[in-house]
Every structure is written in structure tokens, then in C-alpha cells.
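Below is one structure, written out as C-alpha cells, with a few remarks after it.
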Amino acid sequence: MIAKINQLLEEVEALKAANAEELEALRIKYLSKKGAINDLMADFRNVAAEQKKEVGMRLNELKAKAQEKINALKEQFETQENGACELDLTRSAYPIEMGTRHPLSIVKNEIIDIFARLGFSIAEGPEIEDDWHVFSALNFAEDHPARDMQDTFFIESHPDILLRTHTSSVQTRAMEVSQPPIRIICPGRVYRNEAISYRAHCFFHQVEALYVDKDVSFTDLKQVLLLFAKEMFGADTKIRLRPSYFPFTEPSAEMDISCNICGGKGCPFCKHTGWVEILGCGMVDPNVLEANGIDSKIYSGYALGMGVERITNLKYQVKDLRMFSENDTRFLKEFEAAY
Ligand SMILES: [Zn+2]
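According to the numbering used here, the residues represented by the sequence shown are 959 to 1297, in order.
Right, dumping it as C-alpha cells:
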């Protein structure tokens, strides 16, 4: 019996298999129910009582060795197989899903491009702001109704901290740290406490521009607006300014452009007026310049601001604002050709 075990031990030590099938055959030969080791186990009851202890130990040793050897061979195959896969240069490649630029980014970059050509540089600021930079420094009086006009997200435990309602806070920060000439464009996300629907959202994107220097007049503003409208919507675009009110500009105006869908003839999009509103603007209120440390007797400036979603809607007729933030790739893919 011991001689038989020793012989099998030697065989097991020397086991070799060229592939998985051969290995399986070896497993059946030694370790299956009808395998060589089990046969020996079956003979164990015939072993003389005084030899049982030694034979038992040797048998167990043999079984463990055989199992260990077969596992080692199996592991070796699996590693080899994985290695072979990595090196299979003939296998066809997985398709790579390419993303596209978001329509709001496309339009925002177009706006920035136009103003960059006019010498404006990009300025950015925090989205979590304080009351001073969003309201007080922009001439919103403490009890000014304009503070209610925009339903704002305030931080409950810190009523002075809020999510900015407009990117004008970036203008405040720019004036705070530099003296004119200041010529900046401020793109960014803003927040308002609105119920979400196809035409309103609790966050949207703005681009604002600010120019402060000596002798800046409304004429300069009008020229920049006309140039912007033509660059953005085509050379035939006309503009129209209507008097308006904002706390931070005086005088203030809203700008319409001739409807780019019907060419000004009148259509449902422009409510048959031939005009669509695209932005607000005006001359920076002297109070705002003074609040930010700029001498309003020497300097003057203009500011303008627009919603990126609004401009994108005009260019691409997106009817539901929610589409912009749903990340539906079918919607996003429609803009593949736009940049
Ligand atoms: Zn129209």
C-alpha cells in the first residue's frame, strides 16, 4: 500500500498538461470518484490496524498534493489565456461612444468669442455669494423691491449667504480689485427660486459684459450691441432698444432683435410682432461705481447681460428648457454638427 502511494506521489509531482482538456483528464484520473486516489481510499479498510495511522497520513498527503498540483496547473492556463486575449491584435475594437459639446457651451463660447474680439477678457466668480456682491454693491437698497423681484436661495443659518441670482456679482468683484479701464465678460451659472417647468428653471446661465473707462457713453453701448446681434444672428439682424429699469444701471434698456425665424415679418415665435427680446443693458449707475471704489466723476461705463438659454432657444428653437439639464444623449447628439 505504502509503495503504491509513493508511486502515485511521484506521478503527481511530475504531472504536466498541455491544455485544459488534458488537465481535466488528469483530474478525472487522480481525483474523481473513480480515480486512483479514491481507489486507494477504498482499500484503506483492508490495511492492517497497526499500519492504519501511517497509511492514513500518507493517503491524505497524496490527496492534498494532487489537488494542489492540479490547481496550480489550472491557474497557469487561466493566466496564459488572459495574456493571450490582451495580445489578440486581430480582435475588432469596441466602439467608443463620443460625446458632443453641450448646446449651452457652444452658444456661450460663441458669445465669449464675439466679445473677446472686442477686447473683453473673461472674469469668473463664486456661485455661493454674499449679499454685498449680489445686491448691496449693485445699488439694491436694503428695502428695495428688486430684492423681492428675484426669488433667491438664501442659506437659512446665514441669511447673508446666497446662491448668486446674476453674474453681476462678478462685475462687483472685478471693480473691487482693479481700476479702469475694465473690460470684462462674465459667463456663469445663476440660481433663482423658481418652480421648474418647460419655460423656467431654478438654475440657468448668463453672460454679462462690463466696460468702465473715461468717456464711455450710451453710443458705445449701442454699437457693441448692434455688432453682437449681427455676429450672433446674421448680418441682416436689426436691433431695437426699449427703456427699462434695473437697480444697477441708469438709464437702462432692454434689447430686442428682429425675429430671426420669420425675418421680422411676424410668426408665432415672436408673437407676430417681428421682434424678440434678448438682453438687458444700460449705463452703470454712478452709485455702483462709487460703492466699488471707482470715481464716477472721472469714469463711466456700460453693462449688459443675457441668458445663454434664451440665446440658444433663439438659435436652435429648443422649446423645453428642461432639455438642457436632462443629459438625454438623443437631444445632445442633435448639436453634433454645430461646433
Ligand atoms: Zn417671428
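All C-beta atoms in this analysis are idealised placements derived from N, C-alpha and C, irrespective of residue type, glycine included. Remember, it's a predicted structure, so these values are computed and weren't measured experimentally.
Here residue 973 is near residue 1027, since their CB atoms are less than 7 angstroms apart.
Between the alpha carbons of residue 1071 and residue 1180 lies a gap of roughly 19 angstroms. Sixteen is the threshold: since fewer than 16 other Cβ atoms of the shown chains lie within 10 Å of the Cβ of residue 1049, the residue is exposed. One thing to note: residue 1096 has its Cβ no nearer than 7 angstroms to the Cβ of residue 1186. If only uninterrupted beta strand (DSSP E) runs of at least 3 residues are considered, those enclosed by the stretch 1238-1276 are 1258-1265. Shown in chain order are the residues whose CB sits closer than 5 angstroms to a heavy atom of ligand 1: 1217, 1219, 1220, 1225, 1227 and 1228.
Taking the CA atoms as reference points, residue 1279 sits about 57 angstroms from residue 1035.
As computed with DSSP, residue 1233 is found in a beta bridge with 1216. For the options 980, 1261 and 1151, the alpha carbon positioned closest to that of residue 1247 is the one of 1261. The straight-line gap separating the alpha-carbon atoms of residue 1288 and residue 1282 is approximately 12 angstroms.
Residue environment: residue 1011 is assigned as exposed (fewer than 16 neighbouring CB atoms within 10 Å of its CB, all protein chains considered). Straight across, the Cα-Cα distance linking residue 964 with residue 1051 is about 52 angstroms.
Distance from the Cα of residue 1063 is smallest, within the candidate group 1275, 1286, 1266 and 1259, for 1266. In the displayed model, residue 1125 falls within coil according to three-state DSSP, outside both helix and strand. For residue 1087, the enclosing beta strand (DSSP E) stretches over residues 1086-1088. Residue 1235 and residue 1084 have their C-alpha atoms some 28 angstroms from each other. Residue pairing by DSSP places residue 1166 opposite 1144 and 1263 in a beta bridge. Per DSSP, residue 1049 lies in no alpha helix (DSSP H) and is assigned neither H nor E.
Just so you know, the alpha carbons of residue 1001 and residue 1047 end up roughly 53 angstroms apart. Contact check between the stretch 1143-1160 and the stretch 1252-1261: fewer than three CB pairs, one atom from each, fall below 8 angstroms, which does not count as touching. By the CB criterion at 7 angstroms, residue 1124 and residue 1147 fall outside the cutoff. Residue burial is scored here from C-beta neighbours: residue 1215 has at least 16 other C-beta atoms within 10 angstroms and is therefore classed as buried. Judged by DSSP in its simplified three-state form, residue 1211 adopts strand.
By the 16-neighbour rule on beta-carbons within 10 angstroms, residue 1045 is exposed. Partner residues in the beta bridge of residue 1199, as assigned by DSSP, are 1213.
For residue 1054, the three-state secondary structure derived from DSSP is coil. A distance of 7 angstroms or more separates the beta carbons of residue 1077 and residue 1131. Beta-carbon to beta-carbon, residue 1269 and residue 1190 are separated by about 7 angstroms, close enough to satisfy the 8 angstroms threshold.
Looking at the DSSP output, residue 1073 shares a beta bridge with no other residue.
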